[in-house]
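Structure, as structure tokens:
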Amino acid sequence: MTSARWVLDRCADLTRFSAGPDHLERTYLTPQHAAANATVAGWMRAAGLDTETDAAGNLWGRRGLGSAAPAAFRQKAGARGAALVLGSHLDTVPDAGAFDGPLGVVLAIAVAERLRDAPLPFALEVVGFWDEEGTRFGTALMGSSAVAGRWDAAWWDRQDADGVTVREAFERFGLAPGRVGEAARRPEDLVGYLEAHIEQGPRLEAAGLPLGYVTSIAGARRFVLTLTGEARHAGGTPYERRKDALAAASEVILAAERLAREAGALATVGDVHVHPGAVNVIPGRVELTLDVRAHDDAGRDALVTAIEAAGREHCAGRGVAFDLAETHRAPSAVCSDRLSRAVSAGIRAARRDGPGEDAPGGAAPGQDVPGLWSPAGHDAMAMAAVTEVGMLFIRCHDGISHHPAESVREDDVAAALDAFEAAVLAVARE
Ligand code: HGY
Ligand code: MN
Ligand code: MN
Ligand code: MN
Numbered sequence: 103m104t105s106a107r108w109v110l111d112r113c114a115d116l117t118r119f120s121a122g123p124d125h126l127e128r129t130y131l132t133p134q135h136a137a138a139n140a141t142v143a144g145w146m147r148a149a150g151l152d153t154e155t156d157a158a159g160n161l162w163g164r165r166g167l168g169s170a171a172p173a174a175f176r177q178k179a180g181a182r183g184a185a186l187v188l189g190s191h192l193d194t195v196p197d198a199g200a201f202d203g204p205l206g207v208v209l210a211i212a213v214a215e216r217l218r219d220a221p222l223p224f225a226l227e228v229v230g231f232w233d234e235e236g237t238r239f240g241t242a243l244m245g246s247s248a249v250a251g252r253w254d255a256a257w258w259d260r261q262d263a264d265g266v267t268v269r270e271a272f273e274r275f276g277l278a279p280g281r282v283g284e285a286a287r288r289p290e291d292l293v294g295y296l297e298a299h300i301e302q303g304p305r306l307e308a309a310g311l312p313l314g315y316v317t318s319i320a321g322a323r324r325f326v327l328t329l330t331g332e333a334r335h336a337g338g339t340p341y342e343r344r345k346d347a348l349a350a351a352s353e354v355i356l357a358a359e360r361l362a363r364e365a366g367a368l369a370t371v372g373d374v375h376v377h378p379g380a381v382n383v384i385p386g387r388v389e390l391t392l393d394v395r396a397h398d399d400a401g402r403d404a405l406v407t408a409i410e411a412a413g414r415e416h417c418a419g420r421g422v423a424f425d426l427a428e429t430h431r432a433p434s435a436v437c438s439d440r441l442s443r444a445v446s447a448g449i450r451a452a453r454r455d456g457p458g459e460d461a462p463g464g465a466a467p468g469q470d471v472p473g474l475w476s477p478a479g480h481d482a483m484a485m486a487a488v489t490e491v492g493m494l495f496i497r498c499h500d501g502i503s504h505h506p507a508e509s510v511r512e513d514d515v516a517a518a519l520d521a522f523e524a525a526v527l528a529v530a531r532e
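Mapping the sequence shown onto the numbering used here, position 193 (from 1) lands on 295, and the numbers just tick up by one.
Written as structure tokens, this is what we have:
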């Protein structure tokens with residue numbers, strides 16, 4: 103259970119926990135969540151970890167300081183044994199690939215097994231977060247936000263497509279909403295958080311590199327735009343009398359794309375619902391989802407403002423009302439220099455060129471190891487609110503992700519295993 107093949111096979115195993123037989127979709131507080139937790143917990147226990155599900159439904163495997171740890175380590179780790187946490191998420195987007203999230207969790211379990219008898223000056227924990235994607239309830243990072251002590255009470259009333267609220271879903275899953283605060287960790291309990299994840303973009307492949315470290319992570323802002331015109335007869339209504347919500351929406355979508363390109367940022371309309379949706383009725387109302395992200399929060403927020411202004415202008419020109427409701431806002435996060443050094447040292451060790459001599463945990467990040475900005479969001483963004491975070495990026499084929507064709511090379515996963523293990527040891531050497 104410490105090989106790349108084992109890791110890839112477990113990621114394949116997890117694809118059986120899905121809402122449907124013909125596509126992969128595994129979401130928060132569903133039967134698939136419970137089944138995946140049970141299976142992954144078995145792998146964690148086989149790696150010598152004690153397992154538990156926390157008050158937000160996240161799965162944890164924990165190895166205490168262990169009797170092998172010298173007394174000095176106990177002192178350094180503190181009474182409870184401050185923990186280095188390794189992990190990622192177990193939930194998926196609809197029609198997902200097998201590696202976005204699960205690869206980071208399973209790889210962390212394999213590294214815990216490799217380090218099973220290593221005397222570490224901290225407790226080692228592996229976490230499988232839930233609801234990183236926000237697929238079921240339309241807001242994301244709920245599991246890791248609970249751990250970071252950032253649970254938002256407004257989430258309780260969010261509903262899924264069947265009208266089930268987060269509160270009801272908690273209760274049906276066997277969790278007590280009133281106890282969600284018990285999932286929160288204190289900064290003093292944590293040595294840091296390390297996450298291995300596929301890049302979900304083409305840069306490592308274009309550079310011919312298997313691994314990189316992450317410098318910072320873009321925080322997305324997400325909205326539901328509601329455009330309200332008038333449903334009318336598709337034949338009897340002349341154009342000058344129309345208030346076509348879908349025609350207005352098409353102008354808003356293209357304006358968002360144009361403004362994002364000009365800003366060097368990203369805006370995506372991922373879902374559109376048209377009412378009433380009949381072929382012979384002019385669309386009276388359209389709902390669009392909008393995801394906006396940029397290299398920094400100021401750039402992102404400026405783009406949101408510009409898209410909103412363009413949306414209001416296009417809609418006004420067609421007599422269509424424009425409404426924008428924010429559903430998610432994640433702060434961009436910066437990976438710490440300390441943990442980026444550890445990840446960089448790990449990448450060097452995996453290349454067999456060993457950590458640099460000049461600084462603990464290896465040469466400064468970026469000297470000979472690629473540091474990449476992540477336009478994709480990760481649980482590390484939420485965890486950055488409570489501890490230092492570092493990320494290891496793994497090349498993925500053609501940058502494909504959020505798609506069934508998502509794939510990674512076995513040799514890259516082998517390198518990632520070596521790098522992640524070496525990164526943990528670099529933190530231990532500090
Ligand atoms: O949307 C994202 O960036 C991440 O995959 N949740
Ligand atoms: Mn994702
Ligand atoms: Mn992910
Ligand atoms: Mn839909």
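From the three backbone atoms N, C-alpha and C, an ideal C-beta is built for every residue, glycine too.
Look at the beta carbons and you see the segment 303-317 not touching the segment 403-415: under three pairs across the two are nearer than 8 Å.
Residue ranges of uninterrupted beta strand (DSSP E) with 3 or more members, entirely inside the segment 401-451 and ordered along the chain, are 423-431. S246 and W258 have their C-alpha atoms roughly 16 Å apart. Around the C-beta of V388, 16 or more other C-beta atoms lie within 10 Å, and the residue is accordingly described as buried. Put simply, the segment 325-345 touches the segment 423-431. At least three CB pairs are less than 8 Å apart. Counting the other Cβ atoms within 10 Å of the Cβ of S446 gives 16 or more, which makes it buried.
By the CB criterion at 7 Å, L209 and A138 fall outside the cutoff. Any heavy atom of ligand 3 within less than 5 Å of a residue's beta carbon puts that residue on the list, which reads D202 and G203. The closest heavy atom of ligand 1 lies less than 6 Å from the beta carbon of A478. Only exposed fits D513, as fewer than 16 other CB atoms lie within 10 angstroms of its CB. Contact fails between the segment 255-273 and the segment 136-151, because fewer than three Cβ pairs, one in each stretch, are under 8 Å apart.
Distance from the CA of E227 to the CA of G240, rounded to the nearest whole angstrom, comes to 28 Å.
Only residues of its own chain outside the window of five on either side were considered, and among them T267 have a CB closer than 6 Å to the CB of Q261, listed in chain order. Exclusion of the five residues before and after E410 leaves L426 as the residues of its chain whose Cβ lies within less than 6 Å of its Cβ.
DSSP lists F231 as the bridge partner or partners of H191. Excluding sequence positions up to five before and after R252, its CB lies within less than 7 Å of the CB of A484 and A487, all in the same chain and listed in chain order.
E235 has its CB nearer than 6 Å to a heavy atom of ligand 1. According to the DSSP assignment, W108 belongs to the alpha helix (DSSP H) that extends over A106 to L116. Straight-line measurement puts the Cα of V249 at about 5 Å from the Cα of A285.
Assignment of A517 by DSSP, reduced to helix, strand and coil, places it in the helix class.
For V207, the enclosing alpha helix (DSSP H) has its first and last residue at P204 to R216. DSSP places S246 in no beta strand (DSSP E) but in the uninterrupted alpha helix (DSSP H) bounded by M244 to V249. The three-state reading of DSSP puts D291 in helix, counting H, G and I together.
Just so you know, the alpha carbons of H299 and R497 end up roughly 9 Å apart.
Annotation: G314 to A106 spans about 18 Å, alpha carbon to alpha carbon. In this chain, the alpha helix (DSSP H) harbouring E353 covers A347 to A365. The beta carbon of Q302 lies closer than 6 Å to those of A478 and S503 in the same chain, with the five residues before and after it left out. L186 and G122 have their alpha carbons spaced roughly 35 Å apart. With contact defined as three or more Cβ pairs closer than 8 Å, the segment 514-523 and the segment 203-220 are in contact.
Bridge pairing for Y130: absent [DSSP]. For V268, the enclosing alpha helix (DSSP H) has its first and last residue at V268 to F275. In the three-state reduction of the DSSP assignment, V471 falls in the coil class. Per DSSP, D481 is one residue of the alpha helix (DSSP H) stretching across D481 to M485. Counting only the Cα atoms, A396 lies some 32 Å from V109. By the Cβ test, the segment 430-439 is not in contact with the segment 336-348, since fewer than three Cβ pairs between them sit closer than 8 Å.
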